[in-house]
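First to last, the sequence lines map onto chains A and B. Here full-length UniProt numbering is used: position 32 in the first sequence is 32, and no number is missing along the way. Here full-length UniProt numbering is used: position 35 in the second sequence is 35, and no number is missing along the way. Where is the CB? At the ideal position from N, CA and C, for every residue including glycine. Below: one structure, written as structure tokens.
Protein chains: 2
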Amino acid sequence: MKATVFVTVKENVLDPQGKAVQGALHSMGFDEVGEVRIGKYMELNLDTNDALVAEERVRTMCEKLLANTVIEDYRFELKGE
Amino acid sequence: MKATVFVTVKENVLDPQGKAVQGALHSMGFDEVGEVRIGKYMELNLDTNDALVAEERVRTMCEKLLANTVIEDYRFELKGE
Numbered sequence: 001m002k003a004t005v006f007v008t009v010k011e012n013v014l015d016p017q018g019k020a021v022q023g024a025l026h027s028m029g030f031d032e033v034g035e036v037r038i039g040k041y042m043e044l045n046l047d048t049n050d051a052l053v054a055e056e057r058v059r060t061m062c063e064k065l066l067a068n069t070v071i072e073d074y075r076f077e078l079k080g081e
Numbered sequence: 001m002k003a004t005v006f007v008t009v010k011e012n013v014l015d016p017q018g019k020a021v022q023g024a025l026h027s028m029g030f031d032e033v034g035e036v037r038i039g040k041y042m043e044l045n046l047d048t049n050d051a052l053v054a055e056e057r058v059r060t061m062c063e064k065l066l067a068n069t070v071i072e073d074y075r076f077e078l079k080g081e
């Protein structure tokens, strides 16, 4: 199955990369752009068919490696083959 | 309205960041992990209510700044307030 993981900077944490992109868009004339938040998007192929086990494993991967839970939130979706 | 933009490395382009994460997960005992692809996930607040205009504008932002269309694909979703 396939896991899609989204990692985003927490609401109350500054996102300098987003600020930079917002500034660049403004300087290009896209004045309608307000706040920009940038995160990561990951696709993992998993060699397992047990959705419950996969959910538990992906959660552990996020906690231990994929997200820095001090400043980032994560969520993920699982899709069977 | 809000635009959610996903930028991913094209299928036939190497993703060294994904390879690194895959290696790290393997070394942590997550042997079920196959290919990993890493992309960007962006949320843009837009000060507009016209979905057709917004779609055209966000497409231009992707083409000009948010994605490197030589090696990256992008897709986006618009959500009204």
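- Between B/L66 and B/V21, the gap from beta carbon to beta carbon reaches 8 Å or more.
- For chain B, the residues of the segment 41-74 of chain A that bring a beta carbon within less than 7 Å of one of its beta carbons are Y41, M42, E43, L44, N45, L46, D47, T48, R57, M61, K64 and L65, in chain order.
- Against chain B, the CB of A/A24 has a partner CB under 8 Å away; the residue lies at that interface.
- The beta carbon of B/E63 lies closer than 8 Å to those of T69 in the same chain, with the five residues before and after it left out.
- Membership of B/M42 in the beta strand (DSSP E) is indicated by the continuous run V33 to L46.
- Looking at the backbone, the Cα of B/T48 and that of A/F30 are separated by about 11 Å.
- Under a 10 Å Cβ-count criterion, B/R37 is classified as buried, with 16 or more other Cβ atoms of the shown protein chains found around its own Cβ.
- Residue environment analysis places B/L25 among the buried positions, since at least 16 neighbouring C-beta atoms fall within 10 angstroms of its C-beta.
- For A/T8, the enclosing beta strand (DSSP E) starts and ends at K2 to V9.
- With respect to the C-alpha of B/M1, the residue from A/Y41, A/G34 and A/K2 having the closest C-alpha is A/G34.
- Neighbourhood of A/G34 in chain B, by CB distance below 8 Å: L44, N45, L46 and D47, in chain order.
- Under the three-state reduction of DSSP, B/L65 is assigned to helix.
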